[in-house]
Ligand SMILES: [Zn+2]
C-alpha cells in the first residue's frame, strides 16, 4: 500500500480559525492512524491577504496542540520548498505543459469582456457562465498578442460526459460539465491561483489523502480534470462538514467568532480545545468524550465523520475545559493559575491553598480574577446574606456563630494550616447545639462578603490570615448587631 500522506495547507491570515484547526487535526489523524506523514504547506500565493507574523501563529498553534508535522517550511523533507511562493517557477512549467496537453489555454480577456457577458446574461435572465472567446485563437495570434498584452492561463473544460468522483464522506458525486466554469490557473502576474497550486503541490508532494472543508466539493471535479489532463493519479478525497455557530451561520472570524488564539486568551486550555473540536463532525464508537491525542489517533475513523454540519457549543467546551483543569495534578494546576494570580491577588498568602479551592470550581482560567477578588478586598455587602433559609440562619444564630468563631481564632497562635482551624472550629457547633450550616454559613459570609466563593469557612480564614479574618468577622458582627431582621 502507498504511504499515507496528508497535508495541512493554511493561508497565513493572522489567526487560526477553529474550522481550520479541526481540518488540521483530522489530517493529522488520517495520516497517523496509518503511520503516515503529516505535512505543513503554507499557501501564500494570494499576496493581498498576507499578514506579518502570521506564519509564526500557524507554527505556534500546531505546536501548542501537539500536531507535530513531519515536513514543513521549518522542517525540511524531500518535497520542499513547503511555501508556495517559493515554488513559483514550477507552476509556470506545469501550466505550459497543461496547455500543451489541452487542459488549459492562454486567455487575454480582461474584466470588461467578462463583465459584458455577465451583464448580457443578467439581461437575458440566464445564469452566467463565461464563454471564453480565446478558445478559438490561433497559435500565431496568441504568440503575437503575448508580446504586448497581459494574459492569464485558464482551464479548458470542453463539453462532454458528466464527471463522477468519490468522496469518503459524501459518497459518489456526479457533476455536469456544463456547470463547471473555466477558472484562472495562472494569473497575469505569474502567480498560480489556489485552484491550480493545490493540485500541483498535492501531486508533487505525493499527497495520498486530501482532507478539506466541503465548500471544495463543487471545485473537486475541476481539479480532477487537471489530474486527468496530466495523467496523474488522483488522491482520496475526504471532505468535512462545516463548523457552524448556529443552524444558519458558519463559524467565522469575520463574524467575530473566536479563533484558537481568542479561546486560549479567554482561558481555555489547548488540549481541551483540541479534544473538543475532534468531536465536531466525528463521533467515536463509545461514549468516551475525553481523549488524549494518542487516544484519538487510535479511535479515529473516517467512516464516522458526519455529513451534517457540526454546531460549536461553547458551553460544552467550558465543561470539557473544567474536566481538564480538574484532571491536573495540584502542582500543574497551580503553575497554570499563577500568571492569573499576579494581577488579582496582592495579599501575601498561601497561593497553593487558593489553587486547591479553585480547582474544584474553575471552568475557564479567565474566571480566576472574579473568583478570588474577595481575598484582597472585602466589598460592602447586604446583611441579608447571612439569613439563609436552607441553612436556617437568623440574626441571633449568626451573631452567636461569629462570636464563637472569634473566640476560637484568638486561641490559634500560628495559623499554619487548614487542619488546625478545622480541628478547633469543628467541635463548636455540637457544643453550642446548632447545626453545622448555622455555624459555617455566617463565618464564610463574614470573611468573604459574597454569596458564592470557592472554598469554605475553613479554607478562607486560613488563606486570609488571623488578623484579616478577625477584622472581617468584627465587621460582620457590627452589621448583624445593627440589623433588625
Ligand atoms: Zn479569453
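In this note's numbering, the protein residues as written are 36 to 520.
Just so you know, even glycine gets a beta-carbon here, dropped at the ideal spot from N, CA and C.
Since we're looking at a predicted model, the values are computed, not measured.
Query, Result
"CA-to-CA distance, residue 369 to residue 507, given in whole angstroms", "27 Å"
"Residue 167: CB within 7 Å of a non-hydrogen atom of ligand 1", "yes"
"Of the residues 497, 71, 511, the one placed nearest residue 36, counting alpha carbons only", "71"
"Among 60, 427, 382, 420, the one whose alpha carbon lies nearest that of residue 410", "382"
"Status (buried if at least 16 other CB within 10 Å, exposed otherwise) for residue 209", "exposed"
"Check: residue 295 C-beta below 7 Å from any heavy atom of ligand 1", "no"
"Spatially closest choice to residue 39 from 344, 374, 287, 272, by CA coordinates", "272"
"Those residues which DSSP pairs with residue 110 across a bridge", "107"
"Residue 298 classed as buried or exposed, judged by whether at least 16 other C-beta atoms fall within 10 angstroms", "buried"
"DSSP-derived helix/strand/coil call for residue 67", "helix"
"Assigned exposure category for residue 490 - 16 Cβ within 10 Å defines buried", "buried"
"Proximity to residue 58 [Cα-Cα], best of 245, 99, 365", "245"
"In chain order, each alpha helix (DSSP H) run of at least 4 residues that lies wholly inside the region 306-391", "328-334, 349-362, 365-379"
"Distance, residue 363 Cα to residue 332 Cα", "22 Å"
"Cβ-based burial, residue 112 [other Cβ within 10 Å; buried from 16]", "exposed"
"Segment limits, beta strand (DSSP E) that includes residue 189", "187-190"
"Own chain, CB closer than 6 Å to residue 14, minus 5 neighbours either side, in chain order", "Past the edges of the chain, shown from 36 to 520, lies residue 14, and the structure says nothing about it."
"Local conformation of residue 226 per DSSP, three classes", "coil"
"Sub-8 Å separation of residue 379 and residue 348 beta-carbons", "no"
"Integer-rounded CB distance, given that residue 126 should sit under 8 Å from residue 193", "Not quite, the Cβ-Cβ distance comes to about 23 Å (not below 8 Å), so this is no contact."
"Exposure of residue 474, with buried meaning 16 or more beta-carbon neighbours within 10 Å", "buried"
"Below-8 Å beta-carbon distance, residue 365 vs any chain D residue", "Judged by its chain identifiers, the structure shown contains no chain D, having just a single protein chain."
"Same chain only: Cβ atoms within 7 Å of residue 344, ignoring 5 sequence neighbours per side", "276, 277, 279"
"N- and C-terminal bounds of the alpha helix (DSSP H) containing residue 445", "430-446"
"Distance CB(residue 41)-CB(residue 77) smaller than 8 Å", "no"
"Nearest-angstrom beta carbon gap, residue 296 and residue 469 [assumed within contact, 8 Å]", "Between residue 296 and residue 469 the Cβ distance is about 52 Å, and since that is not below 8 Å, they are no contact."
"Span of the beta strand (DSSP E) around residue 198", "198-202"
"Three or more C-beta pairs below 8 Å linking the region 350-367 and the region 279-295", "no"
"Cβ-heavy atom distance, residue 143 to ligand 1, below 7 Å", "yes"
"Pair within 8 Å by beta-carbon distance, residue 191 and residue 140", "yes"
"Contacts around residue 195, its chain only, beta-carbon distance under 6 Å, and the 5 residues preceding and following it disregarded", "212"
"Residue of 303, 89, 44 minimising C-alpha distance to residue 50", "89"
"Status (buried if at least 16 other CB within 10 Å, exposed otherwise) for residue 365", "exposed"
"Option in 67, 47, 215 with minimal Cα separation from residue 329", "67"
"Rounded separation between residue 158 and residue 335 - CA only", "51 Å"
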